[in-house]
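These notes concern the structure reproduced below.
Number of protein chains: 2
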Amino acid sequence: MSAAAVPLDRRGRRRLETIEEVLDIAAAIMREQGVAGLAIGEIARRMGIRPPSLYVYFPSKNALYDALFARGARLVLARMEQVNAELADEQDADLQQHLVGAARGMVGWALEQPEYAQLLFWRPVPGFEPSPDAYEPAVRLVETGTGWLTGLRDRGLLRPDVSVADALRDWTVLTSGIVSQQLSNEPGGTLDAGRFTAAIPSLVAMFTAQYGAPAPTATPAPRPRRTRRADPR
Amino acid sequence: MSAAAVPLDRRGRRRLETIEEVLDIAAAIMREQGVAGLAIGEIARRMGIRPPSLYVYFPSKNALYDALFARGARLVLARMEQVNAELADEQDADLQQHLVGAARGMVGWALEQPEYAQLLFWRPVPGFEPSPDAYEPAVRLVETGTGWLTGLRDRGLLRPDVSVADALRDWTVLTSGIVSQQLSNEPGGTLDAGRFTAAIPSLVAMFTAQYGAPAPTATPAPRPRRTRRADPR
DNA sequence: GTCTATATGACGATAGAC
DNA sequence: GTCTATCGTCATATAGAC
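Which chain is which? The protein sequence lines are A and B, in order. For the first sequence, our numbering gives the first residue as 1, with consecutive numbering after it. For the second sequence, our numbering gives the first residue as 1, with consecutive numbering after it.
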């Protein structure tokens with residue numbers, strides 16, 4: 001699906017380097033001016049070339065947005081795969097720890113890279129729709145989320161009868177709600193000091209009450225505790 | 001705060017009518033082309049005038065966005081005040097009914113008027129910040145939400161010890177998350193047939209479990225209800 | 001292959017005539 | 001209050017220099 005994996009000669013490598021430089025500068029401009037404020041001429045100005053020269057690498061401005069969308073989707077996918085891998089190592093982590101870790105991973109990424117987050121989560125550019133190629137990492141992100149929740153269910157942290165699709169839908173609503181509110185109402189906020197990022201623990205508690213397995217791991221249980229595993233003898 | 005309430009002569013009335021016409025057409029263009037796709041020249045074209053003539057009514061494109069932001073904020077405020085008034089009439093409605101009604105009111109409005117919702121909830125226009133005047137109805141919307149949740153708490157539907165500010169913050173995250181996901185991932189969806197609007201009952205259940213009073217309305221209550229306010233003695 | 005020079009048409013905005 | 005004329009900037013297309 002993605003670009004063919006042909007071996008690159010010197011010219012090809014140089015071309016890829018230039019493309020990466022264009023994307024770096026474009027992302028910087030989006031961060032400063034807003035996603036829709038990206039201007040081809042400004043990229044050229046910062047690179048010391050003329051605007052038409054950029055059309056050698058990108059046939060249109062929307063093609064540039066497409067490459068930026070793909071890059072953002074790969075970045076967030078990589079971050080979430082890393083977060084999931086770290087959490088998978090913690091064999092005795094409870095549900096809250098998993099959920100808080102995942103929420104902080106996603107929301108933290110979005111606040112660190114607001115230019116990509118706006119391009120991915122909102123649709124601020126009139127007439128731009130990501131191509132299937134650019135969207136592909138976003139599809140993999142959904143698959144990663146599905147696998148993550150399925151794993152939590154299989155390990156007994158989620159109720160065994162939960163619909164993973166419904167739980168993932170609700171989870172994306174929670175995280176995208178935090179990101180949306182934080183970015184639009186308090187753009188300068190951070191993960192650890194933001195009016196809306198502060199909602200993460202509370203929202204994680206809601207999700208836990210809705211989808212978590214009834215037996216809590218370490219918190220006060222309504223009936224006399226039975227230490228670890230139920231040992232009725 | 002808003003425009004002074006001076007009596008209007010014929011010229012003043014005619015001017016206001018023209019301004020309303022400009023806003024109507026601008027909203028239609030935003031709906032068709034996206035918020036950032038609004039073009040002064042297109043408004044003039046549809047009105048049968050030349051672009052510079054519009055500068056008599058709005059000193060800049062951002063001033064036009066400001067008027068549209070104010071209009072959208074007034075529209076959503078009116079809708080939510082109406083929803084709250086209807087719910088207040090239902091004396092014996094339980095918490096779920098209140099929350100579902102409020103969520104459907106807000107999300108339904110956003111899907112009916114996506115052009116205003118995008119302008120209010122996202123920030124798609126580089127360099128545009130709403131003026132305090134335009135923002136004022138949005139502040140009143142927060143006050144309305146605070147009063148709504150306070151009323152629910154005083155009527156015993158929410159736990160007596162909830163922080164209304166926290167609950168409102170979480171509530172806005174939920175609703176704006178639904179709206180964001182629905183508008184960006186499935187723009188054609190409706191309130192009754194949407195991948196993400198379908199999450200409303202589940203998210204309302206989460207919110208209820210977190211903030212609702214432990215005593216359900218129709219099932220045996222653990223202790224006698226105390227009608228109004230929790231006495232601090 | 002890579003970039004420049006140049007041109008087109010749309011845009012937001014301003015000045016000034018009527 | 002509306003117009004014409006104009007400016008600077010934008011994305012984009014083409015032709016050609018090196």
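Beta carbons are placed, not taken as given, at the ideal position from N, Cα and C, and that holds for glycine.
field: Residue range of the alpha helix (DSSP H) that includes Ile25(B)
entry: For this step, residue 25(B) is matched to residue 25 along the second sequence. First-last of the alpha helix (DSSP H) with Ile25(B): 10–33.
- request: Could you confirm whether any beta carbon from chain B is found closer than 8 Å to the beta carbon of Arg15(A)?
  value: Translated into the one-based positions of the first sequence, residue 15(A) becomes position 15. Judged by the 8 Å Cβ criterion, Arg15(A) is not in contact with chain B.
field: Rounded separation between Ala39(A) and Arg15(B) - CA only
entry: As a working mapping, residue 39(A) is identified with position 39 in the first sequence. As a working mapping, residue 15(B) is identified with position 15 in the second sequence. About 36 Å.
query: Along the chain, where does the alpha helix (DSSP H) that runs through Phe69(B) open and close?
result: Stepping through the second sequence from its first residue, residue 69(B) is reached at position 69. Run containing Phe69(B): 61–89, per the alpha helix (DSSP H) assignment.
message: At the 8 Å Cβ level, is Val125(B) part of the contact set with chain A, yes or no?
response: Here residue 125(B) corresponds to residue number 125 of the second sequence, with the count starting at 1. So yes, Val125(B) belongs to the interface.
query: Nearest-angstrom Cα distance between Ala110(B) and Ala63(B)?
result: Numbered from its first residue, the second sequence carries residue 110(B) at position 110. Numbered from its first residue, the second sequence carries residue 63(B) at position 63. Cα to Cα, Ala110(B) sits roughly 23 Å from Ala63(B).
task: Can you give me, in chain order, the residues of the region 163–191 of chain B that have a beta carbon less than 7 Å from any beta carbon in chain A?
output: Asp166, Arg169, Asp170, Thr172, Val173, Leu174, Ser176, Gly177, Ile178, Ser180, Gln181, Ser184
Closer than 8 Å at the beta carbon, the chain B residues around Ser60(A): The residue given as residue 60(A) occupies position 60 in the first sequence. Neighbours of Ser60(A) on chain B: none; closest Cβ ~16 Å, over 8 Å.
task: Can you tell me which of the three DSSP states Gly48(B) falls into?
output: One-based indexing of the second sequence puts residue 48(B) at position 48. Gly48(B) falls in the coil class under three-state DSSP.
Closer than 8 Å to chain B by CB, Leu203(A): Locating residue 203(A) in the first sequence gives position 203, where the first residue counts as 1. By this cut-off, Leu203(A) is an interface position.
task: Pull up the CB-CB distance for Trp122(A) and Ser184(B), whole angstroms please, since I reckon it's below 8 Å.
output: Sequence index remark: in the first sequence, residue 122(A) carries index 122 (1-based). Sequence index remark: in the second sequence, residue 184(B) carries index 184 (1-based). Confirmed, about 6 Å.
task: Provide the residue(s) that pair with Leu158(B) in DSSP beta bridges, ordered along the chain.
output: Taking the second sequence and counting its residues from 1, one reaches residue 158(B) at position 158. DSSP, once it has assigned bridges, lists Gly212(B) as partnering Leu158(B).
query: Which residues, taken in chain order from the region 81–114 of chain B, show a beta carbon closer than 8 Å to some beta carbon of chain A?
result: none
message: Buried or exposed for Ser180(A), going by 16 or more other Cβ atoms inside 10 Å?
response: For the purposes of this step, residue 180(A) is identified with residue 180 of the first sequence, where counting begins at 1. Flag for Ser180(A) reads buried.
- prompt: When the Cα of Thr144(B) is compared with those of Pro160(B), Ser131(B), Val164(B), which residue comes out closest?
  reply: Numbered from its first residue, the second sequence carries residue 144(B) at position 144. That would be Val164(B), whose Cα lies nearest to the Cα of Thr144(B).
query: Do the region 182–201 of chain B and the region 145–165 of chain B touch if we need at least three Cβ pairs shorter than 8 Å?
result: no
field: chain A contact for Gly145(B) (CB, 8 Å cutoff)
entry: Taking the first residue of the second sequence as position 1, residue 145(B) is located at position 145. Not an interface residue.
message: Can you check which of these residues, Glu21(B), Pro137(B), Val125(B), is closest to Arg46(B) by C-alpha distance?
response: Here residue 46(B) refers to the residue found at position 46 of the second sequence. Residue Glu21(B) is the option with its Cα nearest to Arg46(B).
- prompt: Residues in the region 13–42 of chain A with C-beta within 7 Å of chain B's C-beta atoms, listed in sequence order?
  reply: Gln33, Gly34, Ala36, Gly37
message: Against chain B, with Cβ distances strictly below 8 Å, would Ala73(A) count as a contact?
response: On the first sequence, position 73 is the one that residue 73(A) refers to. No, its Cβ sits nowhere closer than 8 Å to a Cβ of chain B.
Straight-line gap, Pro132(A) to Gly34(B) (C-alpha atoms, nearest Å): Here residue 132(A) is taken as the residue at index 132 of the first sequence, counted from 1. Here residue 34(B) is taken as the residue at index 34 of the second sequence, counted from 1. Their Cα atoms are separated by approximately 21 Å.
- prompt: What's the C-alpha gap between Met30(B) and Ala36(B)?
  reply: Walking along the second sequence from the start, residue 30(B) turns up at place 30. Walking along the second sequence from the start, residue 36(B) turns up at place 36. Per the coordinates, the alpha-carbon of Met30(B) lies some 7 Å from the alpha-carbon of Ala36(B).
- prompt: Roughly how many whole angstroms lie between the Cα atoms of Arg223(B) and Ala213(B)?
  reply: As a first step, residue 223(B) must be located in the second sequence, where it is residue number 223. As a first step, residue 213(B) must be located in the second sequence, where it is residue number 213. Reliability fails at Arg223(B), whose pLDDT of 47 lies under 50, so the model's placement of it is uncertain and the value that follows must be treated cautiously. When only Cα atoms are considered, Arg223(B) and Ala213(B) end up about 12 Å apart.
message: Once DSSP output is grouped into helix, strand and coil, what is the label at Asp94(B)?
response: Taking the second sequence and counting its residues from 1, one reaches residue 94(B) at position 94. Correct three-state label for Asp94(B): coil.
task: Enumerate in chain order the residues of its own chain whose CB-to-CB distance from Ala27(B) is below 6 Å, with the five nearest sequence positions on each side excluded.
output: On the second sequence, residue 27(B) is found 27 positions in, with the first residue counted as 1. So the list reads Glu115, once near-sequence residues are dropped.
message: Any beta carbon of chain A sitting closer than 8 Å to that of Arg70(B)?
response: Residue mapping note: residue 70(B) aligns to position 70 of the second sequence, counting from 1. The residue you asked about is not Arg; residue 70(B) is Ala in the sequence shown. So, not an interface residue.
- request: Using a Cβ cut-off of 8 Å, pull out every chain A residue sitting near Ala199(B), in sequence order please.
  value: Looking up residue 199(B) in the second sequence gives position 199. Here the neighbours are Asp166, Arg169, Asp170, Val173.
message: Against chain A, does Ala44(B) count as a neighbour if the rule is that its beta carbon must be under 8 Å from one of theirs?
response: Walking along the second sequence from the start, residue 44(B) turns up at place 44. No, its Cβ sits nowhere closer than 8 Å to a Cβ of chain A.
query: For Ala193(A), which residues in chain B fall below 7 Å Cβ to Cβ?
result: Counting from 1 along the first sequence, the entry for residue 193(A) is found at position 193. Chain B residues near Ala193(A): none, gap ~15 Å exceeds 7 Å.
- prompt: Is the beta carbon of Val107(B) less than 8 Å from the beta carbon of Ile178(B)?
  reply: The residue you call residue 107(B) lines up with position 107 of the second sequence. The residue you call residue 178(B) lines up with position 178 of the second sequence. Cβ atoms of Val107(B) and Ile178(B): closer than 8 Å.
field: Coil, strand or helix - Trp171(B) by DSSP
entry: Along the second sequence, read from residue 1 onward, the residue named residue 171(B) stands at position 171. It is helical.
- prompt: What did DSSP end up calling Ala246(A) once you bin it into helix, strand or coil?
  reply: Since the first residue of chain A shown is 1 and the last is 233, residue 246(A) is not available in this structure.
- request: Using a threshold of 8 Å, state whether the C-beta atoms of Thr208(A) and Gln96(A) are closer than that.
  value: Counted from its first residue, the first sequence places residue 208(A) at position 208. Counted from its first residue, the first sequence places residue 96(A) at position 96. Yes, the Cβ-Cβ distance between Thr208(A) and Gln96(A) is below 8 Å.
message: Is there a Cβ of chain B sitting closer than 8 Å to that of Ala209(A), yes or no?
response: The residue labelled residue 209(A) in the question sits at position 209 within the first sequence. It does: the Cβ of Ala209(A) has a partner Cβ on chain B nearer than 8 Å.
query: Does Trp148(B) come within less than 8 Å of chain A when only Cβ atoms are used?
result: If you number the second sequence from 1, residue 148(B) lands on position 148. No - not a single Cβ of chain A is within 8 Å of the one on Trp148(B).
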